[in-house]
Amino acid sequence: MTGLWSFMSEHQSEILSATLEHVELVCIAMTAAILIGVPLGMLIVRRAKLRALALGIAGIFQTIPSLALFGFLIPIPFIGGIGKRTAIVALTLYALLPILRNTYVGLTEIDPAVLESAEAMGMTQAQILFRVRFPLGLAVILAGVRTATIITIGVATIAAAIGAGGLGTFIFRGVALVNDSLLLAGAIPAALLAILADFLLGRLERRLRVT
Amino acid sequence: MTIVGQNLIEFRGVSWRANGGSEAAIIDDVSLEVPRGSTLVLLGRSGSGKTTLLKLINGMHWPSKGAVLVEGRATHEWDEIRLRRGIGYVIQEAGLFPHFTVAENVGLVPGLENWPKEKIAARVKEMLRLVGLEPEEFAERRPRELSGGQRQRVGVARALAADPPILLMDEPFGALDPVTRAELQREFLALAKRLGKTIVFVTHDLREALLLASHIILLEKGKVVASAGPEEFLRLRHPEVLAFAASLDVRGGAA
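What follows is the structure, encoded as structure tokens:
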């Protein structure tokens, strides 16, 4: 343990910059996944065919082993290659399913009596979506964002394999050199990030829940 | 009056089948008239088609055959949003928006109709007082902070807020305890008379039907099997009328 602490204090600034790099990867990927997943989830509420297609495709991304997904993207022009951009695309695709699915569930699993009276009072479908479904489904949507964030923080460590940096850099080096201190210098901050994100988003989620 | 005459709502040979007409008729060749200012009670067992009939009035369903006329115009000629905003709607458990305060719930349709803010606020207060809720105490509460009876009162206030000529009520008091229920029925009856609204009221409770109706229509399997004023209704000899009358007659003393 003393080895770990001395290693960590010696490499403080490197660990900090890798952590920031990690947070940056996760934040960009999550923003993209939310910007795609939430509107798409709204779009599929009343469109069954599109719904099956969107959930199916997002499900496929989720089943591809993460290391393989990074690998598959490398040869693709524009979004591929070595580095951050490829990693962000992969992380975004990975985060999409929980966000998309929770958005759809949150917007549809609403007390039928509430939806019925909204319709009967002469609200348009857009008004029902934005003023009834969305505020009532927000906690469930956020639960999806929370799940996706935690997955992304973990998966982002693999991004180092394609040269995107982040805390994975320490982990891969630690594995290669059989050096526990190096490995833990990547793993511990990543775990702490996940716990922190879980805690903060969980609190936000409880505040937004409507009973 | 115009050719609309005295009937605010009229069904002309209306049938309705689910799934665009592929299934058995839920509503089967129904014709009826609701005169302005009257209260029509649709009585029937669960599954007799009462709620479906109600939803044919505000364009939540469209007739598979025949026509439903509201203010003299067939519902399919109406813009459905305009049609619905002119018809108040109250359902069991009220269907209040849980994320809105009582005031926001009541002010919803006036808001959709772009009334000015001060006018909405004044109207909300007026409506809450009308249904016996003190605005200072209740306006800022959420539905979950209300009792069942209070929620139902808010439901009625919300339906009345934009002053629609027609009110549709689907077992509005069905989930309440008997005491609260009787209380609301009495108040509602007085309110309906005072406001002169045209009301279509769905219930499976004969006692409630006899109390509130100017006219009762009994539905069985989507067909009208009896139609009479509350005084004559119990004198009808149709088996379904007798079945309902028997439900009153627990200890030999009908209402």
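Chains A and B are the protein sequences, given in the same order.
Okay, so the first sequence: first residue is 1 according to our numbering, each after it adds one.
Okay, so the second sequence: first residue is 212 according to our numbering, each after it adds one.
Don't be surprised by glycine CBs; every beta carbon is placed ideally from N, CA and C.
Does residue i come out as helix, strand or coil in the three-state DSSP assignment?
{"i": "L429(B)", "result": "strand"}
{"i": "F222(B)", "result": "strand"}
{"i": "I298(B)", "result": "strand"}
{"i": "L378(B)", "result": "strand"}
{"i": "S358(B)", "result": "coil"}
{"i": "L387(B)", "result": "coil"}
{"i": "T211(A)", "result": "coil"}
{"i": "L280(B)", "result": "strand"}
{"i": "F182(B)", "result": "Because chain B is modelled from 212 through 466, residue 182(B) falls outside the range shown and cannot be assessed."}
{"i": "V335(B)", "result": "helix"}
{"i": "L67(A)", "result": "helix"}
So is residue i in contact with chain A if we call contact Cβ pairs under 8 Å?
{"i": "G306(B)", "result": "yes"}
{"i": "V320(B)", "result": "yes"}
{"i": "R418(B)", "result": "no"}
{"i": "R355(B)", "result": "yes"}
{"i": "F455(B)", "result": "no"}
Mind checking which residues open and close the alpha helix (DSSP H) that includes residue i?
{"i": "I15(A)", "result": "12–43"}
{"i": "V313(B)", "result": "313–317"}
In chain A, which residues lie with their C-beta within 7 Å of the C-beta of residue i?
{"i": "I268(B)", "result": "Going along chain A, no residue has its Cβ under 7 Å from I268(B), so there is no contact; the nearest lies around 10 Å."}
{"i": "I292(B)", "result": "G122, T124"}
{"i": "M271(B)", "result": "E119, A120"}
Residues of chain B with CB under 7 Å from residue i, in chain order?
{"i": "M123(A)", "result": "L323"}
Please list, in chain order, the chain B residues whose beta carbon lies closer than 8 Å to that of residue i.
{"i": "L107(A)", "result": "By Cβ distance, chain B contributes nothing, its closest Cβ being about 14 Å from L107(A), past 8 Å."}
{"i": "A113(A)", "result": "I302, Q303, E304, A305, G306"}
Just reading off the beta strand (DSSP E) that residue i is part of, what are its end residues?
{"i": "P246(B)", "result": "236–246"}
{"i": "G106(A)", "result": "That residue, G106(A), is in no beta strand (DSSP E); its alpha helix (DSSP H) goes 84–108."}
{"i": "G186(A)", "result": "That residue, G186(A), is in no beta strand (DSSP E); its alpha helix (DSSP H) goes 180–208."}
{"i": "G262(B)", "result": "Contrary to the premise, residue 262(B) reads as Thr rather than Gly in this sequence. Not the beta strand (DSSP E): T262(B) falls in the alpha helix (DSSP H), residues 261–268."}
{"i": "V132(A)", "result": "Per DSSP, V132(A) belongs to no beta strand (DSSP E) and is neither H nor E."}
Nearest by alpha-carbon distance to residue i: which of the options is it?
{"i": "G71(A)", "options": "F78(A), Q62(A), T63(A), I82(A)", "result": "I82(A)"}
{"i": "L192(A)", "options": "A159(A), T149(A), F172(A)", "result": "T149(A)"}
{"i": "A368(B)", "options": "V313(B), G248(B), I292(B)", "result": "V313(B)"}
{"i": "L264(B)", "options": "P450(B), R446(B), I428(B), L453(B)", "result": "I428(B)"}
{"i": "A370(B)", "options": "R392(B), K404(B), L319(B), R352(B)", "result": "L319(B)"}
{"i": "S257(B)", "options": "N316(B), G385(B), L243(B), T391(B)", "result": "G385(B)"}
{"i": "T414(B)", "options": "Q361(B), S249(B), S259(B)", "result": "S259(B)"}
{"i": "P98(A)", "options": "P77(A), T147(A), S6(A), P75(A)", "result": "T147(A)"}
{"i": "I220(B)", "options": "A229(B), N230(B), L267(B), G255(B)", "result": "L267(B)"}
{"i": "R46(A)", "options": "Y104(A), L69(A), I28(A), F7(A)", "result": "Y104(A)"}
{"i": "A424(B)", "options": "S438(B), K432(B), E431(B), F349(B)", "result": "S438(B)"}
Return no unless some Cβ of chain B is closer than 8 Å to the Cβ of residue i.
{"i": "D198(A)", "result": "no"}
{"i": "E205(A)", "result": "no"}
{"i": "V218(A)", "result": "One cannot answer for residue 218(A) here, as it falls past the ends of chain A, which runs 1 to 211."}
Along chain A, which residues have their Cβ under 9 Å away from the Cβ of residue i?
{"i": "R467(B)", "result": "The first residue shown for chain B is 212 and the last is 466, placing residue 467(B) beyond what the model contains."}
{"i": "P309(B)", "result": "D111, V114, L136, V210, T211"}
Taking residue i as the query, report the chain A residues whose CB atoms sit under 8 Å from its CB, ordered along the chain.
{"i": "R296(B)", "result": "M121, G122"}
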